[in-house]
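Residues -21 to -1, 1 to 358, numbered by mature numbering (1 follows the signal peptide of the UniProt record, and there is no 0), are exactly what the sequence shown covers, in order.
Structure first, then comments.
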Amino acid sequence: MKRRLICAALVLPLLSGCASWFEGSVGFEPTPLQPLAQQSALKVQWQASVPAAEGGLFTPFYDQGLLWVAGGDGKVSAINVLNGSQSRWFDFEQKLSAGVAIADKLIFAGNDQGKLIVANLETGKIVWEQTLTSVLAEPPQVGGKAVVTRSNDGRISAFDIQSGRQLWTEWQPLPALTVKQTTPQLKVEGDDVLLVGSASGKLAVYALEQGRMLWEAVVASPRGASELERVTDVVSQPVFDGRRVCAVAYQGRIGCFEARGGEQAWARELASSRGLSMDAKGVYSTADDGSIWAFDPDTGRNLWKQDALRYRNVTAPVKLGNNLLAVDGEGYAHLLSPVDGQIVGRSQLKVEGTIARPLVLGNIAYVLDTNGNLSAVTL
């Protein structure tokens, strides 16, 4: 029976004393954009203002035609996916560190005091809360009867959605240095499996409701003499296509593993903290220098490399229609051909902060920055 997967990667604070290209602290100038003979239309359907992150990690959550977006001040907006209007709003009335998720008419978030808080979506009343071992590092995720959290100290915990009873907990020790997290690593793909990437470059699969490890594999092994050189965090969300799980590590490798058993199908040298996506024809990833790569999903053979966006603070590429979409730090949304990596479309968005991996629903991609600018882009 095909398993659906939840994924998580364990990373947290800044790399102490080192530069990170996606924070603009390296000495490379962004590659200038070249004039584009536009071949494919890329349209900004709407733009809206939502609560700002204020240092926390917040991503849009889709539920019944609405995108729920929270901010550090505790306010939550529900945005109509078709026109960008605010249809509903919610206020936790306390500072948040991460959120949100929605299931069974409940809304889940983490506050700045290290608690998972759960409220009734209709009445706003707190239904239950759980004290975590540290502040929530990323939005909670829901699957089946469980809500899963990952704290700043590397602890993953699962709780019963309705009662808040702890189902299981797992702690993975963190190395001396870890990469600052800019996107979530937990994603519910189904109801029975949890995929976990670690700060030691490993990938593990757990039974979601029992917490039993099903398999573990190495994405990248630490190398080098210094702590900085040995950072190999899996800091971005692994992807699952029903047959294989693929992941990429910072200062490490990109690789794919068999979903049943975890045997390595292939691995290639590539350093990325931005993530990857895949379809039947390719595995696509943005490297740490901003170049975008494509690999054959079966063999790992390099299909193409696009260097035109180097040092431009580029998100992971996501599939939009028959093309790939990546957004740079200046707010330009770029449409790439998955066949050869050529840029075939471009449009500029309103962007004022760090941009998370775009969320694609149907033929629309939703782009959120940390200052509360939400844009809908379509073909």
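Beta carbons: idealized from backbone N, C-alpha and C, even for Gly.
All values derive from a computational prediction rather than experimental measurement.
Alpha carbon of residue i to alpha carbon of residue j, nearest angstrom
i: T10; j: T265; result: 15 angstroms
i: D220; j: E72; result: 39 angstroms
i: F1; j: G300; result: Legend: pLDDT at F1 = 35, less than 50; position of this residue unreliable, value from coordinates given subsequently. Rounded to whole angstroms, F1 to G300 spans 27 angstroms at the Cα level.
i: W147; j: V330; result: 39 angstroms
i: E195; j: E188; result: 18 angstroms
i: residue 362; j: T294; result: The structure shown does not extend to residue 362, since the chain is modelled only from -21 to 358, so the question has no answer here.
i: G3; j: F138; result: Bear in mind that a pLDDT of 40 at G3, under 50, signals an unreliable position, so the number given afterwards is only what the model happens to contain. If I take the Cα positions, the gap works out to 38 angstroms.
i: D348; j: E168; result: 24 angstroms
i: G261; j: C225; result: 11 angstroms
i: N350; j: L328; result: 13 angstroms
i: Y290; j: L174; result: 30 angstroms
i: V97; j: W47; result: 15 angstroms
i: C235; j: L21; result: 31 angstroms
i: A344; j: A335; result: 12 angstroms
i: V127; j: R144; result: 12 angstroms
i: S177; j: D277; result: 24 angstroms
i: S179; j: G231; result: 11 angstroms
i: L95; j: L115; result: 8 angstroms
i: S142; j: G310; result: 42 angstroms
i: residue 360; j: K104; result: Residue 360 lies beyond the range of the chain shown here (-21 to 358); nothing can be said about it.
i: V198; j: G254; result: 13 angstroms
i: R305; j: W25; result: Here residue 305 turns out to be Ala, not Arg, going by the sequence shown. Straight-line Cα distance between these residues: approximately 18 angstroms.
i: G51; j: A31; result: 6 angstroms
i: L15; j: D286; result: 15 angstroms
i: I322; j: L314; result: 6 angstroms
i: D268; j: N292; result: 8 angstroms
Paired residues, beta bridge with residue i - DSSP
i: R134; result: W150
i: L173; result: Y185
i: E108; result: I96
i: D139; result: A125
i: Q243; result: F236
i: L353; result: A27 and L347
i: E195; result: A183
Selection from the options that minimises the alpha carbon distance to residue i
i: E33; options: R289, F40, L304 and G53; result: G53
i: L36; options: L12, Q13, S76 and N62; result: S76
i: R325; options: V198, C225, L303 and Q230; result: L303
i: S256; options: A246, F274 and L347; result: F274
i: L249; options: S270, D258, V126 and L358; result: S270
i: P296; options: R222, G78 and Q216; result: Q216
i: T357; options: V23, L15 and A16; result: V23
Distance cut-off 8 angstroms: residue i Cβ against heavy atoms of the ligand MG
i: L15; result: Only the bare structure without any ligand can be found here, which leaves the ligand MG out of the picture.
Within 9 angstroms, strictly: CB atoms of residue i and residue j
i: V60; j: A355; result: yes
i: S113; j: S130; result: yes
i: G133; j: Q151; result: yes
i: L85; j: I140; result: yes
i: L353; j: V29; result: yes
i: residue 375; j: P119; result: This structure gives no information on residue 375, because the portion of the chain shown stretches from -21 to 358.
i: G320; j: K284; result: yes
i: A49; j: G78; result: yes
i: G93; j: D171; result: no
i: R223; j: A246; result: no
Interface flag, residue i vs chain B, CB-CB below 9 angstroms
i: W194; result: No chain B appears in this structure, which consists of one protein chain only.
(message) Extract the residue ranges of the beta strand (DSSP E) inside the region 252 to 302, only unbroken runs of 3 or more that lie entirely within it.
(response) 255 to 257, 262 to 265, 271 to 274, 281 to 285 and 297 to 299
(request) Taking only runs that begin and end inside the region 302 to 349, name each unbroken beta strand (DSSP E) of 3 or more residues, in chain order. (result) 302 to 306, 311 to 315, 322 to 327, 338 to 340 and 343 to 347
(message) List, from N- to C-terminal side, the beta strand (DSSP E) runs of 3 residues or more that fit wholly inside the region 11 to 42.
(response) 22 to 28 and 40 to 42
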